[in-house]
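Asks: The following block contains the structure, expressed as structure tokens.
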Amino acid sequence: MDSLEKQLICPICLEMFTKPVVILPCQHNLCRKCANDIFQTELSEGIAMLVGNNDRIQAIISLLEESCRTVEENGRKQKSHVCETFDHLYALLEDRKGELTLKINAEQQEKVDYIKGLQH
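Numbering that gives the first Met the number 0 puts the first residue of the sequence shown at 0, with every later residue one more than the last.
Structure representation (structure tokens):
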């Protein structure tokens, strides 16, 4: 009878089973309350670990997002600077083109007038 009593005692609380349950993977018998307490603790620890990992991942994601924003902003500034520089250079070239065109036209007209003067 002593062996039967040992089989009816919960290995966690060491009392006679109250609402016994069988843990499927290992086939141990536990009181329902003891089983709930164990699984609740394991679940809480698992959740805490996942939340901790998630917080670290979120921190990394936040850093990466900030890095992306910085890279995008720096890119916009560089693009703006390059565009301003090229616009300025283009304006200088257009001015020079206009000056040279006027000079060429004036020289051409002067030569045409000279040649016309020789013909009369």
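For glycine and all other residues, C-beta sits at the position ideal for the given N, C-alpha and C.
1) Assign C9 to one of three DSSP states: helix, strand, or coil.
2) So what does DSSP say about H87, is it helix, strand or coil?
3) Excluding sequence positions up to five away, which residues of its chain have a Cβ less than 6 Å from the Cβ of N53?
4) Grab me the residues of K18's own chain with a C-beta within less than 7 Å of its C-beta, minus the 5 sequence neighbours each way, in chain order.
5) According to the neighbour-count rule (16 or more other Cβ atoms, all chains shown, within 10 Å of its Cβ), is A34 buried or exposed?
6) Quick check on M0: does DSSP put it in helix, strand or coil?
7) To the nearest angstrom, report how far apart S79 and H119 are at their CA atoms.
8) Taking the C-alpha atoms as reference points, what is the distance between E64 and Q77?
9) Using only the alpha-carbon positions, how far apart do C67 and I60 sit?
Replies: So, from the listed chains and residues:
1) coil
2) helix
3) none
4) C30 and R31
5) buried
6) Its pLDDT being 49, under 50, M0 is placed unreliably by the model, and the measurement read from it follows with that caveat. Coil.
7) 60 Å
8) 20 Å
9) 10 Å
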